[in-house]
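Residues in the first sequence are numbered from 9 upward in steps of one, following our numbering.
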Amino acid sequence: MPELPEVETMVRFLRPRVQGAELEEVVAYDVALRASLRETRTPAKADLLLRRGKHVLLHTEDGQWTVIHPRMSGRLAWGQVDPDDRVRALWRFSTGEMRLVDLRRLATVGVFEGGEPALGLGPEPLEGLAWLPAVLARSRMPIKVWLMDQRKVAGIGNIYASEICFRAGIDPRRPACELRNVEVERMVEVIPTVLQEAIARQGTTLSDGRYREPGGQRGRFALQLAVYGREGAPCPVCGALVSRCVQAGRSTFWCSRCQR
DNA sequence: AGTCCCCTGGAG
DNA sequence: CTCCAGGGGACT
């Protein structure tokens, strides 16, 4: 579920609570996570909580890096959770408790040593995209599929890939290398804009409201999605009906009038 | 790029 | 019952 803006929102919420706190205990409630968490040494002082793409990295002063990947349905909650929330792991800090809640059990956790682990991610999209034109020119992948490839650029998932293409006015099915220079420049501008807007609004909440913010409250200012999940609904810009297709096994939504 | 897989639940 | 879901890895 969470893409870059949602993970960034979690990390910003958790960072002041976690950084500088003593990590006192780590508990794996899910058998699948037990193997990766049993090696965790505690206590240790936590000094860094970072986001890399859609991953959360926790560094402790004993040199361990804990990499938490929420995948589809995972989230990190601080403090108490609903009784029906599926808690898969818990990190008890001197300042409070952090829980990995994950209905579908797709989230993964790993513990590494020897420097920040290489996650095989491409560059962060909020740290400059000057490299984008040259790289897009070398790929024949459809632009929307390219945006979702974490090795190419980190953190963009199925929702924001569709929203970015919409904002850029580009048909998501077009090969990356066939974008014209002005269109690539639009991508350079729009990618950080869409992600920053979502971060400013504390992530996206779908109409069904399943996604909840790390603190427990729903994003009050949840980003209004233009096309994602709106097949057959009017495009907010031109009123044409939003189209849907499947690319790389994932749903793509776009406005065939606004996006060429 | 397609297909199957991991897992659980909701919608139709 | 079938299909679908914001993630991604393996294998073709």
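A virtual CB, placed ideally from N, CA and C, is assigned to each residue, including glycine.
Check	Outcome
Residues that Met296 bridges to, as DSSP identifies them	The structure shown has nothing for residue 296, since the chain only spans 9 to 268.
Within 8 Å, strictly: CB atoms of Cys263 and Val254	no
Straight-line gap, Met195 to Ala176 (C-alpha atoms, nearest Å)	6 Å
Simplified DSSP state of Lys152, which is helix, strand or coil	helix
Length of the line joining the Cα atoms of Val89 and Trp139	42 Å
Rounded C-alpha distance that separates Val202 from Gly128	24 Å
Cβ contact check for the region 98-108 and the region 161-173: 3 or more pairs under 8 Å	no
Opposing strand residues paired with Gln255 [DSSP bridges]	Arg258
C-beta atoms of Val161 and Leu45 nearer than 8 Å	no
Sub-8 Å separation of Val19 and Leu58 beta-carbons	yes
Range of the contiguous beta strand (DSSP E) that encloses Glu32	Glu30 to Ala36
Endpoints, alpha helix (DSSP H) assigned at Ala176	Asn166 to Ala176
Whole-Å CB distance - Leu114 paired with Met156, under 8 Å assumed	The Cβ separation is near 17 Å, so there is no contact.
For Thr17, the three-state DSSP class (helix, strand or coil)	helix
Where the beta strand (DSSP E) containing Arg59 begins and where it ends	Ala52 to Arg60
Length of the line joining the Cα atoms of Glu33 and Pro242	51 Å
Sheet register partners of Cys263 (DSSP bridge)	Val250
Closest by C-alpha distance to Ala29, when choosing among Leu66, Thr48, Ala36 and Arg42	Leu66
Buried versus exposed call for Gln232 [16 or more other C-beta atoms within 10 Å across all chains shown]	exposed
Contact under 8 Å by Cβ, Pro200 with Leu134	yes
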